[in-house]
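A.B. asks: In my numbering, the protein residues as written are 1 to 354.
See below:
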């Protein structure tokens, strides 16, 4: 336990032989459950999970041998239909719950499986840790503190808050991360939150029970999708400065597939957030500002395009370029007003921990 709160760690693993065992063995003593999810790996990941679990259970540390009613109640046994339909939950080995997916579901799918198990167990705080050893486990309390102190419902690492941590990030990742951060701010409504792809996170039991966990996106954009769901439910988010350790691991992301899929998901989630938060659960005119602004800006771009074609004598279109420019400017102004209103609506839900 950590400060009287039970702690679970979701450890998704796909072809992480040579990494996942070390992560399990290095897990802090206060972690009560480790949900190690093998996402249909093609190497020795599953065997390594079992071996590391046995080593972790038999290392002689008395804290795991004595009976504790708070941790004994945590028994992942496939207690929900959603969990049983997607994975085999094997008998617990010490504090490790080995889980095998019935089919490969990707990073988001493995996180979702772990969240389902943690929710069924009633874990107070659930941390997500990559199996490739990139995350400094000694810094886990920085994520747990905002949760156990009641200051946040979700805490996530942020490699962009510190100049030192930014410098350690490869330039290609930094540029892509900055662009995705902006798109996620618009989609999720957390305008201070950055580094949305950071997989080092902690979430409270209350947040897991509040969101539509069964509907969580299962591709790499799961963390962006989760932020949208948390915002709609009024959950508080803490952005915690956190470095990453870049080692010998290789990313399995195919960017030609990743960019269009995640961009489409963010657009869909943005529209869903506006509808649900500002029309269904409550009403705020900022949604109308967004819609009117997008329509006017789109019409302005179309008008300017037609005016350009007409000027080049490619097509004869009687359109006023000045009118198109005015539409575009007005549309952008409406969008900026909407963003300002949106920032104000979620400002009280965000904190930064440097």
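Where is the CB? At the ideal position from N, CA and C, for every residue including glycine.
Tell me which residues share the same chain as residue 77 and place their Cβ nearer than 7 angstroms to its Cβ, disregarding the 5 neighbours each side in the sequence.
C.D. replies: For residue 77, the predicted structure reports a pLDDT of 46, less than 50, and the residue's modelled location is therefore unreliable. The matter cannot be settled from this model.
A.B. asks: For residue 156, which three-state DSSP category applies?
C.D. replies: Strand, per DSSP.
A.B. asks: By the three-class DSSP mapping on this structure, what secondary structure does residue 101 have?
C.D. replies: Reduced to three states, the DSSP call for residue 101 is strand.
A.B. asks: Unbroken alpha helix (DSSP H) runs of length 4 or more, entirely within the segment 246-303: which are they?
C.D. replies: With a minimum length of 4 residues, the continuous alpha helix (DSSP H) runs that stay inside the segment 246-303 are 255-275.
A.B. asks: Distance check for residue 243 and residue 136, CA to CA, integer angstroms please.
C.D. replies: Looking at the two C-alpha atoms, the distance is approximately 8 angstroms.
A.B. asks: Cα-Cα, which of 235, 101 and 115 is closest to residue 146?
C.D. replies: It is 235.
A.B. asks: Would you call the CB atoms of residue 83 and residue 42 closer than 8 angstroms?
C.D. replies: Cβ distance not < 8 angstroms, so residue 83 and residue 42 don't count as in contact.
A.B. asks: Under the rule that 16 or more other beta-carbon atoms within 10 Å means buried, what is residue 148, buried or exposed?
C.D. replies: It is buried - the Cβ of residue 148 has at least 16 other Cβ atoms within 10 Å.
A.B. asks: What residue range is occupied by the uninterrupted alpha helix (DSSP H) comprising residue 187?
C.D. replies: Where residue 187 is concerned, the enclosing alpha helix (DSSP H) stretches over 171-188.
A.B. asks: Helix, strand or coil: how does DSSP classify residue 8 here?
C.D. replies: In this structure, residue 8 counts as strand in the three-state DSSP scheme.
A.B. asks: Go to residue 37, then tell me how far its beta strand (DSSP E) extends in each direction, as first and last residue.
C.D. replies: That run of the beta strand (DSSP E) goes 33-38.
A.B. asks: Work out the CA separation of residue 123 and residue 269 for me, nearest whole Å.
C.D. replies: The straight-line gap from Cα to Cα measures roughly 28 angstroms.
A.B. asks: If you measure between the beta carbons of residue 21 and residue 57, is that distance less than 8 angstroms?
C.D. replies: Going by C-beta atoms, residue 21 is not nearer than 8 angstroms to residue 57.
A.B. asks: Could you tell me if residue 101 is buried or exposed, where buried requires 16 or more neighbouring beta carbons within 10 angstroms of its beta carbon?
C.D. replies: Counting Cβ neighbours within 10 Å, residue 101 comes out buried, since at least 16 surround it.
A.B. asks: Is it true that the CB of residue 91 sits closer than 8 angstroms to the CB of residue 45?
C.D. replies: Not a contact, by the Cβ cut-off of 8 angstroms.
A.B. asks: Among 214, 39 and 94, whose alpha-carbon lies nearest the alpha-carbon of residue 55?
C.D. replies: Looking at the Cα atoms, 94 is the closest of the given residues.
A.B. asks: Helix, strand or coil: how does DSSP classify residue 350 here?
C.D. replies: Looking at residue 350 - three-state DSSP - the assignment turns out to be strand.
A.B. asks: What separation, rounded to the nearest whole angstrom, lies between the Cα atoms of residue 115 and residue 298?
C.D. replies: Each residue's alpha carbon lies about 40 angstroms from the other.
A.B. asks: Check whether the segment 198-205 and the segment 281-300 are in contact - that is, three or more C-beta pairs closer than 8 angstroms.
C.D. replies: No, because fewer than three Cβ pairs between the segment 198-205 and the segment 281-300 fall closer than 8 angstroms, the two stretches do not touch.
A.B. asks: From the DSSP output, in three-state form, read off residue 310 for me.
C.D. replies: Reduced to three states, the DSSP call for residue 310 is helix.
A.B. asks: Less than 8 angstroms separating the beta-carbons of residue 108 and residue 220?
C.D. replies: Yes, the pair counts as a contact, with Cβ atoms nearer than the cut-off.
A.B. asks: Could you give the C-beta distance for residue 155 and residue 12, rounded to a whole number, given that I count them as a contact under 8 angstroms?
C.D. replies: About 18 angstroms; that fails the 8 angstroms criterion.
A.B. asks: Compare the Cα-Cα distances from residue 140 to each of 257, 48, 19 and 3 and report the closest residue.
C.D. replies: Minimum Cα distance to residue 140 is reached at 3.
A.B. asks: Assuming residue 355 and residue 177 make a contact with CB atoms under 8 angstroms, what is their CB distance in whole Å?
C.D. replies: This structure cannot settle anything about residue 355, because the visible part of the chain is limited to 1 through 354.
A.B. asks: Go to residue 239, then tell me how far its beta strand (DSSP E) extends in each direction, as first and last residue.
C.D. replies: Start and end: 237-241.
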